[in-house]
Every structure is written in structure tokens, then in C-alpha cells.
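For the record, in the sequence shown the residue sitting at position 77 is 78 according to my numbering, with numbers rising by one throughout.
Quick reminder that beta carbons are idealized off the backbone N, C-alpha and C, glycines included.
Just so it is clear, the structure is predicted and the values come from calculations on it, not from any experiment.
Structure record follows, encoded as C-alpha cells.
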Amino acid sequence: MRFTRNQSGASAVEFAIMLPVFLTIIFGIVVFGCYLTMVHGVQQLAAEAARTSIAGLNDSERSSLATSYVTSSASGYPLLDATKLDVAAAPSGSDPNVYVVTVRYDASSSFIFALPFVPPLPSLIARSAVIPNGGF
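This is the structure:
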């Protein structure tokens, strides 16, 4: 009878049951947080490169400005490797008065893809930003 009322190890058992659940949640937050940080960085680079490119007088100068901005600013994003970034800047195919800057990032060599039990996330992150060539 006394054995069934003994509560001295109950908290240790509860801790052992809840620890894997808690660690899984924390691990998921860290992994998805890192991935979303990379996605946000690529989007920010594309948006700022589009804003920078509008200062160019022609398409080749705009493309050069966008590429140089991404190259020089990528070091400000700690989870992005500047050598894995690719920039494409050109006028829109549907509207010649709109300029589109697309930044692609190959995240396949990122540390989060080497972690165990990570769900399959897209390793190629591509984001675009569109800006009018001028006027209002």
C-alpha cells in the first residue's frame, strides 16, 4: 500500500517523458529560424539591389549596380555565403518600364541541412524584387 502512494520519483519520470518533446520543439524552432533568416536575407538583398539598380542609366548599368550591391552587402548577413549568391537583373518581359532583380542562393551546404531529422526544405532560395524604371 505504501508503494502506490510514494511520489518521490514522479517528477523524474515526468521529466523523462517531456524532455524529448521539449527538445524537439526547441530544435525545430532553431532550424526553421535559421532557414527563415536565410530566406529573409535573400529577399532583403533583392529588394535593396532593385532600389540601387534604378540609379543606372541603361540596362547594363542597372544590372551591374544590382550585382555589385549584392556582392558588397552579402557579408552583412551572417548565415549567407556570398560565393553561393547569384543575381539576375533585367527589365520585365511583360512591362519594359519595370525592372526585376532576382537573387538566388544555394543553401545546400548550409549547416542546417547536415543536421539529423531536418525535414526536406528547399535548398535553392530565390527571391525577386520589382521596381519601376522611374516616374510615379
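I need the DSSP call for residue 129, collapsed to helix, strand or coil.
Residue 129: strand per DSSP, three-state reduction.
Run through DSSP, which three-state label would residue 102 get?
It is a strand residue.
Outcome for residue 20 when other beta-carbon atoms lying within 10 angstroms are tallied against a minimum of 16:
Classified as exposed, residue 20 has fewer than 16 neighbouring CB atoms from the shown chains inside 10 Å of its CB.
Hey, could you find the ends of the beta strand (DSSP E) residue 91 is sitting in?
Residue 91 -> beta strand (DSSP E) spans 86-92.
For a test of the three-state rule: what should DSSP assign to residue 107, helix, strand or coil?
Of the three classes helix, strand and coil, the one that applies to residue 107 here is strand, per DSSP.
Which whole runs of the alpha helix (DSSP H) in the stretch 36-89 are 4 residues long or more, in chain order?
For the stretch 36-89, whole alpha helix (DSSP H) runs of length 4 or above, ordered along the chain, are 60-74.
C-alpha distance - residue 52 paired with residue 77, whole-angstrom precision
Spanning the two alpha carbons is a distance of roughly 17 Å.
Quick check: the Cα distance between residue 37 and residue 82, rounded to an integer number of angstroms?
Cα to Cα, the separation comes out at about 15 Å.
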